[in-house]
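Residues in the sequence shown are numbered consecutively from 30, following our numbering.
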Amino acid sequence: MTKKLVAGIFLLACALAPLAAQQEELKLKLPKPMFIGTPTNIKSANLEVVTGKSRGPFMVPVGTKLLSLKRPVTSSDRQPVIGELEMVTDGEKEGGDGYFIELGPGKQWVQIDLGASYALHPIVAWHYHSQARVYRDVVVQVCDNKDFVKGVQTIFNNDHDNSSGLGVGKDKEYIEVAEGKLFDPKGVKGRYVRMYSNGNTTNDLNHYVEIEVYGTPAK
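Right, here's the structure in full:
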């Protein structure tokens, strides 16, 4: 290895060190798993590869905070079949009875008001994890307009056939597990977070245990 190459590697390491120092691992408090093993009986043409492995660590900017805890929740279904809307941000992520809301059949959404616009980092959602299921047409959007009529930014969309009318998505469907599903907004700014679903592989209803939104003050 030449001296010039060694010097170049050293300078690059010095340049990247401050960037690495500005990141830290997000520490998530996860609920206990309620089923063991990798389910094999769920069929979907758009399902992601099931590995049975944890997603591993996720790095966020230093100072990233949980923004959604106890924040107001609204929904397309104003009267859930089971539970109350505030359960979506109450911090309780256990998957059993009494910990989730149930919305009516077909396309439904829940929306969190963060109170101000933030730079958003991970959004983590638990639809229902006491049983392996795939929720259909999961779409995650961020906006500064509470009615989502302009300036809408789509973070995730696995509606591969546009059956919910929000556009064709390129993301994969996934099986619900206790660690939840992590969506990465990559610093997109917004005050409101809205999540859609359209039934699941067990029935045509929609469920939410918890949604957590993390971020930093918008610059």
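All C-beta atoms, glycine included, are put in the ideal place defined by N, C-alpha and C.
Here the structure is a predicted model, which means the values were calculated and not measured.
In the DSSP assignment, residue 146 falls within the unbroken beta strand (DSSP E) covering 136–155. In this structure, residue 230 lies near residue 163, with their beta-carbon atoms less than 7 Å apart.
If only complete runs of 3 or more residues are kept, the region 210–245 shows the beta strand (DSSP E) at 210–212, 218–227, 235–237, in order along the chain. Residue 98 counts as exposed, since fewer than 16 other beta carbons sit within 10 angstroms of its beta carbon. If you draw a straight line from the Cα of residue 85 to the Cα of residue 78, it is about 16 Å long.
Between residue 240 and residue 89, the CB-CB gap reaches or exceeds 7 Å. Residue pairing by DSSP places residue 76 opposite 202 in a beta bridge.
Taken in chain order, the complete alpha helix (DSSP H) segments of 4 or more residues contained in the region 97–142 number zero; there are none. Using a Cβ distance threshold of 7 Å, residue 101 and residue 149 do not count as a contacting pair.
For residue 168, the enclosing beta strand (DSSP E) covers residues 168–172. With 16 or more other CB atoms across the displayed protein chains lying within 10 angstroms of its CB, residue 220 is buried. Under DSSP, residue 53 takes part in a beta bridge, and its partners are 89. If you draw a 10 Å sphere on the C-beta of residue 52, you find fewer than 16 other C-beta atoms in it, and that means exposed.
The DSSP-derived three-state label of residue 186 is strand. Using a Cβ-Cβ distance cut-off of 8 Å, the region 170–188 and the region 126–135 are not in contact, since fewer than three pairs of beta carbons, one from each stretch, lie closer than that value. Excluding five sequence positions before and after residue 128, the CB atoms of its chain that fall closer than 6 Å to its own CB belong to 121, 238, given in chain order.
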